[in-house]
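Position 80 (the sequence shown) corresponds to 80 in full-length UniProt numbering; numbering is contiguous. Just so it is clear, CB atoms sit at the ideal spot from N, CA and C, and this is done for glycine as well.
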Amino acid sequence: MSHYQTADALVRIENEQVIIWGQRVMQISFGDITAVAASEPRMLGRGRLDIFTADQRHTLTFTRGQLRELNVLAGYLAQIADINSTRQPVCGSANTTGVSFVSFDVETANRARGSICAVGFSVVHNGVITDTRAILCKPPKSLDGFDPGNVRVHGITPNQVRRAIPAREAIGHVLDIAGGLPLVCHNASFDISALRDACVAEALPIPELSFGCTLTWSRKDLSKLQNHKLPTVAAALGVSLENHHDAGADAYATAGILLSLTSKRGSSTLADYTTATKTQLGSLGPAGITACKGTNSTNSSSRTPTGTPRRRPPKPDLRADPTGPLRGQTIVISGEVPGFTRDEAWDAIVAAGATPEDSVTKRCTILVAGDGAGETKLGKMRRLAETGHPIALVDSSEFAELLAGQKIAALPNLAEVREQKLHHAMSLVGDAPAEAIHPSELVRGKHYTAWVEPIKQLKRDELYDEALELLLECVTACEQPESRHRSSPAPWYTEQAAIIYRKRKDFVGEVAILQRWLELVEDGSQRQQLKERFEKAQLLLAREG
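1. Tell me which same chain residues have a C-beta within less than 7 Å of the C-beta of SER93, skipping the five on either side of it?
2. Who are the Cβ neighbours of GLU482 in its own chain at under 7 Å, not counting the five residues just before and after it?
3. Which of the three DSSP states, helix, strand or coil, is assigned to LYS220?
4. Below 8 Å, can you find three or more Cβ-Cβ pairs linking the region 370 to 381 to the region 401 to 418?
5. Please classify PRO454 as buried or exposed, where buried requires at least 16 other C-beta atoms within 10 Å of its C-beta.
6. Please name the residue or residues paired with LYS138 in a DSSP beta bridge.
7. Helix, strand or coil: how does DSSP classify PHE62 here?
8. Using the C-alpha atoms, what's the distance from ARG418 back to ASP358?
9. Can you tell me which of THR387, MET381 and THR108 puts its alpha carbon nearest to the alpha carbon of VAL394?
10. Pick from ALA392, ALA345, ALA194 and THR130: whose alpha carbon is nearest that of CYS117?
11. Would you check if the region 169 to 187 and the region 99 to 114 touch, i.e. whether three or more CB-CB distances between them fall below 8 Å?
12. Can you tell me whether DSSP reads ASP105 as helix, strand or coil?
13. If contact is defined by three or more beta carbon pairs under 8 Å, each pair taking one atom from either stretch, is the region 29 to 37 in contact with the region 137 to 153?
14. Do the region 224 to 241 and the region 255 to 270 meet, that is, are 3 or more Cβ pairs less than 8 Å apart?
15. Whose C-beta lies closer than 8 Å to the C-beta of SER283 among residues of the same chain, with five residues either side of it excluded?
16. Do you know how far the Cα of ALA354 is from the Cα of VAL452?
17. If we ignore side chains and look at the alpha-carbon of each, how far apart do ASN159 and ILE331 end up?
18. In the DSSP output, which residue or residues are listed as bridge partners for PRO356?
19. Using beta-carbon positions only, say whether TYR448 and ALA490 come within less than 9 Å of one another.
20. DSSP three-state call for GLN515: helix, strand or coil?
21. Taking only runs that begin and end inside the region 252 to 303, name each unbroken alpha helix (DSSP H) of 4 or more residues, in chain order.
22. So, using beta-carbon positions, are ARG163 and ASP221 closer together than 9 Å?
23. Give me the DSSP bridge partner(s) of PHE211.
24. How would you label GLY127, buried or exposed, when you count the other beta carbons within 10 angstroms and need 16 or more for buried?
25. In the structure shown, what three-state DSSP assignment does PRO309 receive?
26. Does DSSP classify GLU441 as helix, strand or coil?
27. In chain order, what residues of the same chain lie with their CB nearer than 6 Å to the CB of LEU411, ignoring the 5 residues before and after it?
28. Across the region 64 to 82 and the region 267 to 281, are there enough close Cβ pairs to call them in contact, namely three or more that are closer than 8 Å?
29. Measure the C-alpha to C-alpha separation of GLY328 and LEU470 and round it to an integer number of angstroms.
30. Quick one: Cα of ALA537 to Cα of LYS229, how far?
31. With 16 other CB atoms within 10 Å as the buried threshold, where does LYS224 fall?
32. Taking the continuous beta strand (DSSP E) assigned at HIS125, which residues delimit it?
33. Taking just the CA atoms, how far does PRO322 sit from HIS424?
34. Could you check what DSSP says for ALA201 in three-state terms: helix, strand or coil?
35. Going by the DSSP bridge assignment, what does residue 554 pair with across the sheet?
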């Protein structure tokens, strides 16, 4: 018989039962235990041990002084759950697959990926989550500074890890638990590179293992989600995520996500699932990291392997999360991004509310430097940056984190970018004509002809709202009798406004602005040209209706 003291109960192990003496006495048979989940106590919160049976969860809490009792009891009960998993299917779930893996998550003390201050894992055997734990640890000595931004995210402070085990021990524990099973992470490019960097910082040999990524897989199987952040995917699949950025909770949710995805595909093993999704597991070893990615990855040439032209860059999804870090950005990729074909990367960019483009221009705000990034695009990016153009350079791993919704890179402030573009366009305003000007011909204190270059620049910068507003003011000015004493109203402003309306697929606006000009002009070649555009706009409007 063994006794364990918790914060609010006494736990006894006897006669193959867990007996909990608290406000009331509870008995749990060893044979009923399907899984356990443990998280260590923190400065401002108790640790907890959840014991799962087929239809219940029993929670025990532990103070910081009871850490040993928590770990010993959790380890003992995890062994029982592991034994039970070989005799029974998943309990409390429709999933009865034979998928086995260890989900893995880390929290870091600062921007250095190797600065691991917590690890979390869930062990899955034959489709059953048998053990979940969160372990606080001291970051490697060379990376042990805590950044306030990281602390705000996960709540782990230097004091909380002062007496914790070193990162090297926490890593060793996870690898021992995993054995030969693959690790599975949500955004594996971060967690696996963090594992590698921590091993380097701790002078440990780089482990050799395979890994999967639920971020990659959820993008394939849940492509219509607004984003693929861990909470979003978990919620879409009905997977519990009680405390996001607790390493144990995140690992548990990751395990649940993969079990749900494999169940939906009818895959009984991880190999079956990767075949069904046309993906392959990634790998970590002394030679480096190979990403978990699609097996049909292609290069970034302008043509497919069959010689047919690739599609043009798509437009951003306006339904994307407005708070996402990539919303509104214009992104160019140079080289290959692990885990993505070019089209898959574009689709992910669009889903994040950003615009993908083929080449680096003044519209570009982010350049992603993938494997084999070309010097041409990098050179253009550097030249733009030297002129003060706001543009950020991110690597493949940072790109994956940004797609996952993590604000990890210093990106251009789009409001400032817009203001700079607007200021530049307006600085191009020309001089007034030499002849006398009637007040009705003035637009913002200048003759309407002075605004041609600013309008062109606004259009080039895709500041269509500002361009259209200015164009409509100019259209009104050149329609005035004083402006038309020698000829018909200048058609250029009307035509440019019509072009913007069509870009927006606002055929009502296009028809109205063209009709307005045609009613003032009776004949001439310019009238015929705008009449043809007017008739095309009417046809498009009729089709839309």
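Judging by the given coordinates:
1. Note on SER93: pLDDT 41, under 50, position unreliable in the model; the coordinate value appears next. So the list is empty, once near-sequence residues are dropped.
2. HIS438, SER440 and GLU441
3. helix
4. no
5. buried
6. PRO166
7. strand
8. 21 Å
9. MET381
10. ALA194
11. yes
12. strand
13. no
14. yes
15. GLU208, LEU209, SER210, PHE211, ILE289 and THR290
16. 29 Å
17. 41 Å
18. ILE331
19. yes
20. helix
21. 270 to 276
22. no
23. LEU183 and GLY282
24. buried
25. The pLDDT assigned to PRO309 is 48, lower than 50, so where the model puts this residue is not dependable; a value taken from the coordinates is nonetheless given after this. DSSP places PRO309 in strand when its eight states are reduced to three.
26. helix
27. ALA392
28. no
29. 23 Å
30. 41 Å
31. exposed
32. 116 to 125
33. 27 Å
34. helix
35. Here the chain covers residues 1 to 545 and nothing more, so residue 554 does not appear.
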